[in-house]
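J.: Can you read through this structure? Questions will come right after.
Number of protein chains: 2
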Amino acid sequence: MTAPLHEARPAGVGRALPDTQQGMRRRNLARVLHAVSAEGSLSRAAVASRIGLTRAAVSTLVDELIRWGLLEELGPERPGRVGRPGSALAVSGRGPAGIGAEIGVDHLAVCAVDLRGAVRARAVRRGANRGRAPEPVIAELTTLVGQVVAEAEREELWPAGLAVAVPGLVARDSHTVVRAPNLEWRDTDLGALLPGDWPLTVDNEANFGALAELWLGAGTPREFLHVSAEIGIGAAIVVDGQLLRGTRGFAGELGHVPVRPDGPSCACGGRGCLEQYAGQEAVLRAAGLQPREDLVGLLAAHAEKGEEGVRAALRDAGTALGIALTGAVNLLDPETVVLGGALAGLSPWLLPSLEAELTGRTAGPACPVAVSPLGPEGPLLGAAHSVVRAVLDDPASVTKRS
Amino acid sequence: MTAPLHEARPAGVGRALPDTQQGMRRRNLARVLHAVSAEGSLSRAAVASRIGLTRAAVSTLVDELIRWGLLEELGPERPGRVGRPGSALAVSGRGPAGIGAEIGVDHLAVCAVDLRGAVRARAVRRGANRGRAPEPVIAELTTLVGQVVAEAEREELWPAGLAVAVPGLVARDSHTVVRAPNLEWRDTDLGALLPGDWPLTVDNEANFGALAELWLGAGTPREFLHVSAEIGIGAAIVVDGQLLRGTRGFAGELGHVPVRPDGPSCACGGRGCLEQYAGQEAVLRAAGLQPREDLVGLLAAHAEKGEEGVRAALRDAGTALGIALTGAVNLLDPETVVLGGALAGLSPWLLPSLEAELTGRTAGPACPVAVSPLGPEGPLLGAAHSVVRAVLDDPASVTKRS
């Protein structure tokens with residue numbers, strides 16, 4: 001899949017860079033790279049006019065980016081234009097790549113994405129991970145990473161970083177999975193288990209799914225609530241193009257918002273949490289189906305066939321989602337709610353009752369609900385792209401690593 | 001009331017300033033002013049070491065701030081220290097002042113706060129505003145503003161801006177009160193009714209209350225949820241020291257989070273919203289009391305006397321608040337929840353059941369709940385301080401106005 005890295009306002013640019021001459025130069029390098037990335041190809045003059053620097057200043061910055069292998073010359077622009085023909089620039093399809101990895105309850109996946117946003121290598125292994133110890137799972141993941149990196153290196157790409165999506169809570173600014181109930185992992189430091197060759201990021205799959213939506217979705221707004229599900233239900237909150245992470249990194253636990261405060265007990269200690277009504281296991285139970293791999297496919301197949309019990313279970317799940325989302329929308333006032341992950345595939349049967357709750361419980365216009373085109377692909381792509389974005393946001397960082 | 005403008009990391013500094021040489025200079029002016037403000041008084045050398053600039057650079061910036069009337073010299077520091085004695089600097093107690101105003105359901109209030117954070121003038125008018133047209137209310141408010149400004153000017157202060165707190169939803173980046181149900185105002189542009197002599201800000205009272213907590217509270221964290229009530233229930237979400245406003249500016253509508261989805265109908269269109277259980281009118285009704293002015297005082301007086309009906313009503317309100325806050329805490333993962341406004345005065349009777357819900361519904365340690373020391377003073381102080389902060393965050397802005 002090739003996706004352009006479009007974004008009108010690259011919010012991450014320079015956020016972490018110091019306010020010095022050197023910091024300003026690094027921010028300007030990022031502006032140049034983002035400008036070219038957003039357009040696919042651009043002349044130096046066009047870059048200059050777009051980011052409001054002089055042509056001379058831009059040329060110096062471009063030369064640096066070419067030297068580092070981040071930009072390349074496409075040759076002279078087509079004639080017939082006014083003025084001296086300039087050479088068009090493009091983001092390099094070689095050089096740094098983002099390595100994304102996903103630890104799913106039923107699978108492991110790894111991919112490499114180049115600076116242009118194209119997936120250049122990919123490896124997947126199906127098989128249940130629930131209840132397995134972290135070590136053998138991470139050993140398998142490391143093998144897949146090795147395969148993908150080897151494939152990428154054959155195309156003159158080198159890993160600029162590894163980002164891993166996990167179905168659980170990750171402590172902020174750490175590599176520690178504090179709780180992943182559906183893997184049965186607790187306080188697991190993935191940093192100690194993964195290869196230490198590249199910068200490592202570990203984050204919740206809902207967060208990476210939301211970032212994928214932000215970066216790759218067509219017309220995704222900069223403020224939205226992204227809801228996804230594998231076994232549990234997670235959400236990610238995006239405000240002004242940035243993830244809201246929470247003090248400990250645990251924000252977005254939509255699955256444990258009370259929907260019916262006197263409802264069934266939940267493993268979290270609460271009662272009547274959303275997961276008790278809309279989590280995949282609850283829906284399977286309500287639908288009278290047996291759990292197996294690919295729960296979503298199973299539910300969708302039965303609903304597709306028109307089985308009323310399954311449809312009713314999904315309708316009730318949609319109602320519970322609508323109640324929890326009414327609360328979330330009242331608190332956050334997002335521009336839209338995006339259903340991603342497994343929920344995207346079940347949306348035909350969830351949406352009517354979900355939207356009925358949202359609309360019925362709102363005086364003004366209800367918050368619109370969109371279905372993610374990325375669906376279950378989101379977390380893996382978001383992970384790989386987060387590494388790519390880090391390079392685009394601070395190109396000078398690669399000089400320390402390459 | 002005098003409060004120091006302490007803050008370890010002035011988050012607002014330069015947020016809106018362009019990334020140019022000129023922008024960098026303006027940010028450095030802000031850093032100098034914030035450093036002195038945080039300490040009360042400071043020598044040039046101490047400022048330089050604190051913000052990481054050379055002594056010479058700081059001297060130039062300080063001279064400018066003195067010329068603009070934002071800093072003043074306190075005279076030579078006490079002898080006995082090592083090195084050449086420097087003159088201590090302090091933020092000026094004359095010059096620009098923030099004018100804060102509050103439109104309450106039962107009162108109007110205005111105050112002037114100087115750059116040191118001291119309230120220097122104040123005016124209040126009691127009287128019900130519910131159901132009155134905006135024009136006469138704003139005319140009265142304008143009279144109070146005139147009195148406060150005249151009093152401030154006698155002390156060599158001049159208004160750097162006017163900020164107005166209202167009990168309703170304000171459209172983002174506008175002066176328009178979209179909906180203030182307890183005043184019965186809709187789509188009211190206060191910009192057209194207020195004097196146009198100074199920069200104007202209009203915002204929800206919960207937002208200004210939260211900012212007051214952030215700026216003036218002792219040890220308030222940078223990520224918290226601030227819950228307040230006048231007649232309705234509002235909340236403000238602070239993330240990394242900044243308000244989360246929502247797409248339309250309507251974030252924080254905690255009062256309309258569904259607590260019991262099949263509960264009583266609410267004016268918002270929903271059912272079983274938090275306001276139906278914990279809004280002041282609902283509590284009065286449950287307690288069997290007649291509405292009048294100063295509802296909080298009435299409830300507190302009866303609860304104080306040990307009236308079981310009133311205590312039970314407040315206990316039930318606490319339970320409903322706890323259910324809604326469990327959802328909010330799961331979504332936002334704040335460091336703490338702060339009860340402000342009217343809720344602060346009722347906290348002895350609300351807190352036990354509120355905390356029982358929060359704790360009982362959480363697997364790990366529950367989010368702590370604090371009671372605001374500012375209470376109902378918060379919104380007015382937050383409004384005035386927001387003007388002061390704008391000056392501290394961009395001192396050069398006053399040169400365009402003074």
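Chains as they are written, first to last, in full-length UniProt numbering: chain A, 1 to 402; chain B, 1 to 402.
Using N, Cα and C, we set each Cβ at its ideal position, and we do this for glycine too.
(1) With respect to the beta strand (DSSP E) encompassing A:T220, which residues constitute its N-terminal and C-terminal limits?
(2) Does A:N330 come within less than 8 Å of chain B when only Cβ atoms are used?
(3) With DSSP as the reference, label A:W349 as helix, strand or coil.
(4) Taking Cβ-Cβ distances shorter than 7 Å, what residues in chain A pair up with residue 420 of chain B?
(5) Give me whichever residues DSSP pairs with B:Q242 in a beta bridge.
(6) Count the other CB atoms within 10 Å of the CB of B:G219; is the residue buried (16 or more) or exposed (fewer)?
(7) Strictly under 8 Å for the Cβ-Cβ distance: is B:I51 near chain A by that measure?
(8) What does A:H256 touch in chain B if you count any residue whose Cβ is under 7 Å from its own?
(9) Is A:I323 close to chain B? Criterion is C-beta to C-beta, closer than 8 Å.
(10) Tell me whether the beta-carbon of A:E335 lies closer than 8 Å to the beta-carbon of A:F224.
(11) I'd like to know whether the C-beta of A:R315 is nearer than 8 Å to at least one C-beta of chain B.
(12) With a cut-off of 8 Å, does the C-beta of B:A278 fall near any C-beta of chain A?
(13) Determine the burial state of A:M1: buried for a count of at least 16 other Cβ atoms within 10 Å of its Cβ, exposed for fewer.
(14) Taking only three categories from DSSP, how would you classify A:S59?
(15) Please report the distance separating the alpha-carbon of B:V329 from that of B:C367.
(16) Is the beta carbon of A:V398 less than 8 Å from the beta carbon of A:P167?
(17) Please report whether the beta-carbon of A:E73 lies at a distance below 8 Å from any beta-carbon of chain B.
(18) Along the chain, where does the beta strand (DSSP E) that runs through A:V164 open and close?
(19) Determine which residues of the region 359-378 of chain B have a Cβ less than 8 Å from any Cβ of chain A, and write them out in chain order.
(20) Return the first residue and the last residue of the alpha helix (DSSP H) that B:G322 is part of.
(21) Would B:P261 pass as an interface residue toward chain A - the criterion being a Cβ-Cβ separation below 8 Å?
(22) Under 8 Å between C-beta atoms, does A:T326 make it to chain B?
(23) Taking a contact to mean a Cβ-Cβ separation below 8 Å, would you say B:L216 touches B:G241 in this structure?
(24) Determine, using beta carbons only, whether A:G255 and A:G232 come nearer to each other than 8 Å.
(25) Going by DSSP, what residues sit across from A:C367 in a beta bridge?
(26) Here's a check: name, in chain order, each residue in its chain whose Cβ is nearer than 8 Å to the Cβ of B:V62, leaving out the five neighbours to either side.
(27) Would you identify the three-state DSSP class for B:D114, choosing helix, strand or coil?
(28) List, in order along the chain, the chain A residues whose C-beta lies closer than 8 Å to that of B:E223?
(29) Should B:D203 be labelled buried (16 or more other beta-carbon atoms within 10 Å of its own) or exposed?
(30) Taking the straight line between their C-alpha atoms, what separation do you get for B:D173 and B:F250?
(31) For the beta strand (DSSP E) that A:L295 lies in, which residues bound it at each end?
(32) Are at least three pairs of beta-carbons, each pair with one atom in the region 275-293 of chain B and one in the region 347-355 of chain A, less than 8 Å apart?
(33) Closest Cβ-Cβ distance between B:C268 and chain A: below 8 Å?
(34) From this set, B:L392, B:T20, B:L29 and B:A396, which residue's C-alpha is nearest A:T54's C-alpha?
(35) Check whether chain A comes within 8 Å of B:V239, counting only Cβ atoms and requiring the distance to be less than that.
(36) Let's see if you can read the secondary structure: which residues bound the beta strand (DSSP E) around B:E102?
T.: The relevant details are as follows:
(1) Stepping through the first sequence from its first residue, residue 220 of chain A is reached at position 220. That residue, A:T220, is in no beta strand (DSSP E); it is neither H nor E in DSSP.
(2) As a working mapping, residue 330 of chain A is identified with position 330 in the first sequence. Chain B contact via Cβ: present.
(3) Sequence index remark: in the first sequence, residue 349 of chain A carries index 349 (1-based). Three-state DSSP puts A:W349 in a helix.
(4) Residue numbering for chain B in the displayed model covers 1 to 402; residue 420 of chain B lies beyond these limits and cannot be assessed.
(5) By one-based count along the second sequence, residue 242 of chain B stands at place 242. By DSSP's assignment, B:Q242 forms a beta bridge with B:V239.
(6) For this step, residue 219 of chain B is matched to residue 219 along the second sequence. With fewer than 16 other Cβ atoms inside 10 Å of its own Cβ, B:G219 counts as exposed.
(7) Taking the second sequence and counting its residues from 1, the one referred to as residue 51 of chain B is at position 51. Chain A, which has no Cβ nearer than 8 Å to the Cβ of B:I51, makes this no.
(8) Locating residue 256 of chain A in the first sequence gives position 256, where the first residue counts as 1. Contact of A:H256 with chain B by beta-carbon distance below 7 Å involves N330.
(9) As a first step, residue 323 of chain A is located in the first sequence; it is residue number 323 there, counting from the start. Yes - at least one Cβ of chain B is within 8 Å of the one on A:I323.
(10) Mapped onto the first sequence, residue 335 of chain A falls at position 335. Mapped onto the first sequence, residue 224 of chain A falls at position 224. Yes, Cβ-Cβ distance for A:E335 and A:F224 is below 8 Å.
(11) The residue given as residue 315 of chain A occupies position 315 in the first sequence. By this cut-off, A:R315 is not an interface position.
(12) Counting from one through the second sequence, the residue named residue 278 of chain B turns up at place 278. No, its Cβ sits nowhere closer than 8 Å to a Cβ of chain A.
(13) What you label residue 1 of chain A is simply residue 1 of the first sequence in a count that begins at 1. Because the pLDDT of A:M1 is 33, which lies under 50, any placement of that residue in the model is unreliable, and the number read from its coordinates should be weighed accordingly. Its Cβ having fewer than 16 others within 10 Å, A:M1 is exposed.
(14) Locating residue 59 of chain A in the first sequence gives position 59, where the first residue counts as 1. Residue state, collapsed to three classes: helix.
(15) As a position in the second sequence, residue 329 of chain B is number 329, starting the count at 1. As a position in the second sequence, residue 367 of chain B is number 367, starting the count at 1. Cα to Cα, the separation comes out at about 7 Å.
(16) Numbered from 1 along the first sequence, position 398 holds the residue referred to as residue 398 of chain A. Numbered from 1 along the first sequence, position 167 holds the residue referred to as residue 167 of chain A. Cβ atoms of A:V398 and A:P167: not closer than 8 Å.
(17) Here residue 73 of chain A refers to the residue found at position 73 of the first sequence. So no, A:E73 is outside the interface.
(18) Counted from its first residue, the first sequence places residue 164 of chain A at position 164. Unbroken beta strand (DSSP E) run through A:V164: L157 to V166.
(19) Hits within the stretch, in order: G360, R361, T362 and A363.
(20) Indexing the second sequence from 1 puts residue 322 of chain B at position 322. Taken as a continuous stretch (DSSP letters only), the alpha helix (DSSP H) holding B:G322 covers E308 to L332.
(21) As a working note, residue 261 of chain B is residue 261 in the second sequence. Yes, because at least one Cβ of chain A sits closer than 8 Å to the Cβ of B:P261.
(22) Translated into the one-based positions of the first sequence, residue 326 of chain A becomes position 326. So, interface residue.
(23) Mapped onto the second sequence, residue 216 of chain B falls at position 216. Mapped onto the second sequence, residue 241 of chain B falls at position 241. Against a cut-off of 8 Å, the Cβ pair of B:G241 and B:L216 comes out as no contact.
(24) In the first sequence, the residue the question calls residue 255 of chain A occupies position 255. In the first sequence, the residue the question calls residue 232 of chain A occupies position 232. In this structure, A:G232 lies closer than 8 Å to A:G255 by Cβ.
(25) Position 367 of the first sequence, counted from the first residue, corresponds to residue 367 of chain A. In the DSSP output, where bridge partners are listed per residue, A:C367 has none listed.
(26) Taking the first residue of the second sequence as 1, we reach residue 62 of chain B at position 62. Around B:V62: V32, R44, V47, L71 and L89.
(27) Taking the first residue of the second sequence as 1, we reach residue 114 of chain B at position 114. For B:D114, the secondary structure class from DSSP, reduced to helix, strand or coil, is strand.
(28) Position 223 of the second sequence, counting from 1, holds the residue named residue 223 of chain B. What B:E223 touches in chain A: G246 and T247.
(29) Mapped onto the second sequence, residue 203 of chain B falls at position 203. So B:D203 ends up on the buried side.
(30) Residue mapping note: residue 173 of chain B aligns to position 173 of the second sequence, counting from 1. Residue mapping note: residue 250 of chain B aligns to position 250 of the second sequence, counting from 1. Using only the alpha carbons, I get a separation of about 11 Å.
(31) Translated into positions along the first sequence, residue 295 of chain A becomes position 295. From DSSP, A:L295 is part of no beta strand (DSSP E) but of the alpha helix (DSSP H) over L295 to E304.
(32) Too few Cβ pairs lie closer than 8 Å, so no.
(33) For the purposes of this step, residue 268 of chain B is taken as the residue at position 268 of the second sequence. True, the Cβ-Cβ gap to chain A drops below 8 Å.
(34) Position 54 of the first sequence, counted from the first residue, corresponds to residue 54 of chain A. The option with the nearest alpha carbon to A:T54 is B:T20.
(35) The residue given as residue 239 of chain B occupies position 239 in the second sequence. In terms of beta-carbon proximity, B:V239 lines the interface with chain A, with at least one pair separated by less than 8 Å.
(36) Counting from one through the second sequence, the residue named residue 102 of chain B turns up at place 102. Start and end: G95 to I103.
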